Amino acid sequence: MALNRDDSSPLFAGSVAGTLKLIVYLALACILMVLDHRGGWLANVRYGLSLVVEPVYRIAGLPSQGFHAATVAFADRQRLTESNQRLREDLLLANAKLNRMASVAEQNTRLKELLDTQHSLNLNVQLARLIGVDLGTFRHRIVLNVGARDQVKPGQVVIDARGVMGQVVDVMPTTSVAMLITDPNHAIPVTIERTGLRTIAYGSRAGDMLVLPNIPVSSDVREGDKLVTSGLGGRFPPGFPVGEIRDVAQTPSGTFLSAQARPAADLDRSEDVLLLHDLAEPAGPPPPAPVAGPPADMAMPAAPPAATLPSVTSPTATPVPARASTATTTRPAVNP
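Residue 9 is where the sequence shown starts when you use the working numbering, and the numbers rise one by one after that.
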């Protein structure tokens with residue numbers, strides 16, 4: 009295609025002057041490239057220009073970098089929040105399991121104490137669990153998970169590993185209600201273990217104490233004395249712990265001493281209890297009592313046979329001396 013002579017470009021102009029300019033520029037470019045390749049003196053120029061251009065590049069890239077940083081920060085924050093939530097849930101679950109294990113360990117300890125009580129006393133007992141508590145001002149009762157279907161009867165004694173708790177007063181098909189010894193309407197015959205004094209311990213409205221209002225003034229009663237069941241009345245077997253005397257004072261009338269005792273049983277903490285069953289009556293007459301006598305090492309030696317005794321010819325009774333021993337006895341006379 010033919011070039012347009014009217015083209016206004018000075019570099020590619022068709023005149024001789026334009027061609028000379030092109031040749032000069034190309035030569036200058038070649039010279040600069042050779043000098044830069046051989047001497048490297050343009051490196052400082054490029055280094056200086058890069059210092060000027062670099063801030064421009066950074067400013068141009070700030071929006072992109074800011075958006076990327078915000079995205080990463082948001083993702084990291086969300087990831088950390090989720091991780092923190094998972095760790096919290098794991099910690100709560102671990103604490104719940106630990107508390108459950110501690111509760112199970114305590115329950116096993118209580119059950120072991122109940123089992124040891126049963127074995128040590130050789131009792132006919134039945135295990136029951138508390139499913140309800142009624143601790144009001146005028147009623148101190150508990151509900152057990154055994155009833156008539158489990159051969160529970162009114163009047164059965166309720167104990168735990170530490171002492172007497174009360175007795176069954178109402179029996180339903182699958183549950184039963186027991187009155188605690190601290191109920192204001194309850195009374196239990198007791199004996200002061202140290203002195204053997206017999207008295208009656210009544211429940212109180214305080215809910216956690218027993219009252220002994222009819223102790224003779226001349227009685228020896230001290231703080232710290234242990235109370236055990238006396239067995240009077242036939243309801244409570246003798247020898248079971250009932251409580252410990254905490255306070256002794258004289259009544260306003262001055263006729264008796266009044267004492268307060270704290271129950272030995274864990275009335276507000278026990279979850280498993282034992283119901284006592286009546287022991288079976290022995291069949292047949294009682295066994296004979298053992299024969300009382302001196303110890304075996306002090307018993308008299310056996311008498312010699314009758315054939316070895318000397319004959320007696322005199323009509324007069326003569327004593328026959330026994331063999332030497334720790335005691336001397338006289339054999340009765342033998343008449344011919």
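All C-beta atoms in this analysis are idealised placements derived from N, C-alpha and C, irrespective of residue type, glycine included.
On a predicted model such as this, the values are computed, not experimentally measured, just so you know.
Burial state of residue i, where buried means 16 or more other Cβ atoms lie within 10 Å
i, result
"P271", "buried"
"I253", "buried"
"G232", "exposed"
"D168", "buried"
"V24", "exposed"
"G211", "buried"
"V32", "exposed"
"I223", "buried"
"S72", "exposed"
"F82", "exposed"
"F248", "buried"
"F146", "exposed"
"S184", "buried"
"V281", "buried"
"T316", "Residue placement at T316 cannot be trusted, given a pLDDT of 47 that sits under 50; what the coordinates show is reported in the next sentence. T316 comes out exposed."
Residue span of the alpha helix (DSSP H) that contains residue i, given as start and end
i, result
"G47", "24–47"
Residue j beta carbon less than 8 Å from that of residue i
i, j, result
"A186", "L218", "no"
"G251", "A214", "no"
"P162", "V176", "yes"
"A273", "R170", "yes"
"I2", "L138", "Because the chain spans 9 through 344 in this model, residue 2 falls outside it and cannot be assessed."
"T199", "S238", "yes"
"V166", "L283", "yes"
"S266", "L220", "yes"
"T182", "G204", "no"
"L188", "L275", "yes"
Residue i versus residue j - alpha carbon distance
i, j, result
"N153", "S278", "14 Å"
"G144", "P192", "11 Å"
"G74", "Y65", "14 Å"
"N107", "M173", "27 Å"
"K29", "A37", "12 Å"
"P290", "N132", "Residue placement at P290 is flagged as unreliable, the pLDDT there being 46, under the threshold of 50; a coordinate-derived value is accordingly withheld."
"M180", "Q164", "14 Å"
"G47", "L34", "20 Å"
"V61", "V53", "12 Å"
"T27", "V42", "23 Å"
"F264", "V229", "12 Å"
"K105", "N116", "16 Å"
"R85", "M109", "36 Å"
"D44", "T79", "45 Å"
"R87", "L101", "21 Å"
"A68", "L99", "48 Å"
"K120", "T259", "42 Å"
"A113", "G242", "37 Å"
"L240", "N103", "50 Å"
"H148", "A195", "13 Å"
"T89", "E97", "12 Å"
"D255", "V160", "36 Å"
"I39", "P63", "31 Å"
"L50", "L57", "11 Å"
"L59", "H76", "25 Å"
Endpoints, the beta strand (DSSP E) within which residue i is located
i, result
"S238", "No beta strand (DSSP E) holds S238; DSSP gives it neither H nor E."
"Q258", "249–258"
"M187", "184–188"
"N222", "218–224"
"P271", "264–271"
"D142", "133–143"
"D280", "280–284"
"R277", "Run containing R277: none; DSSP gives neither H nor E here."
"A195", "195–200"
"L152", "148–152"
"R206", "206–211"
"M173", "172–179"
"V166", "165–167"
Whole-angstrom C-beta distance between residue j and residue i, which should lie under 8 Å
i, j, result
"T190", "D216", "6 Å"
Cβ of residue i within 8 Å of any chain D Cβ
i, result
"R230", "Judged by its chain identifiers, the structure shown contains no chain D, having just a single protein chain."
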